[in-house]
Amino acid sequence: MIVCKFGGTSTTSLKSIQNIKALKEKNKKRQVFVFSAIGKKYQKDKKITDLLIEITQNINVSKNKKLILNKFNKLQKDLKININVKKLLNKYYNYFLLTKNADYLISKGEYITTLLMSKYLDIKFIPAEKIIFFQNNKINYKKTKNKLIYYKNKYKIFATCGFYGVNENKQIKLFSRGGSDITGAIIAKCLNANIYENWTDVYGVRQVNPKITNSKQIKKMSYADLDIMTRCDANVIHNDCIEILYGEKIKLKVGNIFDIKSKKTIVVDRYKKVKFVCCKIDKDKVIIVYRDKKLNLVKNECELSNYKENILKIYEKLY
Ligand code: ASP
22 MIVCKFGGTS TTSLKSIQNI KALKEKNKKR QVFVFSAIGK KYQKDKKITD
72 LLIEITQNIN VSKNKKLILN KFNKLQKDLK ININVKKLLN KYYNYFLLTK
122 NADYLISKGE YITTLLMSKY LDIKFIPAEK IIFFQNNKIN YKKTKNKLIY
172 YKNKYKIFAT CGFYGVNENK QIKLFSRGGS DITGAIIAKC LNANIYENWT
222 DVYGVRQVNP KITNSKQIKK MSYADLDIMT RCDANVIHND CIEILYGEKI
272 KLKVGNIFDI KSKKTIVVDR YKKVKFVCCK IDKDKVIIVY RDKKLNLVKN
322 ECELSNYKEN ILKIYEKLY
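Numbers given in the numbering used here equal positions in the sequence shown, counted from 1, plus 21.
Here is the structure:
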């Protein structure tokens, strides 16, 4: 069984949306589809989550409401479906004004995106509030697993929203930013999935942050190595996923939704050490973490002003 999670950019273009459908048709083992809220279409664009956060802070409320509605309507046009999203948004906004629960309103980005995508994919929509449960700020795995198994047996295939769950008082509670990855990992663990596919807009995990240089893709690696990288500047997947997935015999595959046939990075419990250069920025200091020629882990401290050049130097010298 495969759990797949689609990042925010996956729902920004017709091509990626069609790729999601193609993935569903191509392999019937893909049975859980987790969605992030619609993300950025271009560099200066804003994610729905960021727009909703601004609304909860009373920033540009009517302008941001319009921007959100435009994004959902563009998605509806691509999907050829027609739901009154404006009415839904107003209802959620009014409820937020009453309760002042920001997490509630912010979660609606994932909720509406998933609702629309489930209609397009023609699969059951199970909102996260029915399957992801917190207790004392931690995941209640027993309850979460029971509910997941119940819905999985009932519907075989379904879509759900990433990024949030409900606490013991039935209040919506968000994960940290990028948390839809965490939802997917929890579901993969609870349902004993063999594969957790994480579809992003980049070609898997690279040896160096693609914002710094265009390095080689890492084809296969261990969770331990991914853990080191995601504690640094590899933000291709949320670091919290690793603890959830490690030791569960789940293969994590990180792929590009705009090019679904391209090679993915595969992450497994045990694998030989791989080469990478990453960094952790701490105020005005930067710690560069990399593997030397003998694959030993090395840490170097440098100034913020020249860390990118230093990373490039190490990368060019070593690999
Ligand atoms: N939409 C949320 C965020 O922007 C969660 C996610 O995308 O994973 O952080």
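Think of the CB as a built atom: it goes at the ideal place given N, C-alpha and C, for glycine as much as any other residue.
DSSP, read as helix, strand or coil, puts G29 in helix. Residue range K306 to R312 is occupied by the beta strand (DSSP E) that includes R312. With 16 or more other Cβ atoms from the protein chains shown falling within 10 Å of its own Cβ, V288 counts as buried.
Relative to the ligand ASP, even the nearest heavy atom lies 7 Å or more away from the CB of A180. Not one heavy atom of the ligand ASP is found less than 7 Å from the C-beta of S128. Taken atom to atom, the span from the alpha-carbon of V226 to that of L119 is near 43 Å.
The beta carbons of Y336 and I309 sit no closer together than 8 Å. Checking the 7 Å criterion, the Cβ of D202 is within range of a heavy atom belonging to the ligand ASP. A residue is called buried once 16 or more other Cβ atoms fall within 10 Å of its Cβ, and S326, having fewer, is exposed. Here the C-alpha atom of K315 lies approximately 13 Å from the C-alpha atom of K338.
According to the DSSP secondary-structure assignment, T181 is paired through a beta bridge with V55. Cα atoms of I80 and I74: separation of roughly 9 Å, rounded to the nearest angstrom. In the structure shown, the three-state DSSP call for E264 is helix.
The residue among V24, L44 and K26 with its C-alpha nearest the C-alpha of I281 is L44.
Residue pairing of K274 in beta bridges, as defined by DSSP: E218 and I287. Ranked by how close their Cα comes to the Cα of Q228, the residues L90, K296 and A149 have K296 in first place. Taking non-hydrogen atoms of the ligand ASP into account, the C-beta of R51 is found less than 7 Å away from none of them. By the Cβ rule, the stretch 105-123 does not count as touching the stretch 148-159, because fewer than three pairs are nearer than 8 Å. One alpha carbon belongs to D313, the other to K293, and they sit about 14 Å apart. In the three-state reduction of the DSSP assignment, L212 falls in the coil class, being assigned neither a helical nor a strand state. DSSP assignment within the stretch 36-95 yields the following whole beta strand (DSSP E) runs of 3 residues or more, N-terminal first: 51-56. DSSP places E150 in no alpha helix (DSSP H); its state is neither H nor E.
Look at A123: its beta carbon is at least 7 Å from all of the heavy atoms in the ligand ASP. If you look at L247, you'll find it in the alpha helix (DSSP H) that goes Y244 to R252.
Taking the Cα positions, I203 is about 10 Å away from E264. A distance criterion of 7 Å places the beta-carbon of G28 in contact range of the ligand ASP, judged by its closest non-hydrogen atom. Excluding its 5 nearest sequence neighbours in each direction, G199 has C-beta neighbours in its own chain below 6 Å: H259, listed in chain order. Less than 8 Å separates the beta-carbon of G29 from that of K61. A distance of 8 Å or more separates the beta carbons of G183 and E218. Counting the other CB atoms within 10 Å of its CB gives Y125 a total of 16 or more, which places it among the buried residues.
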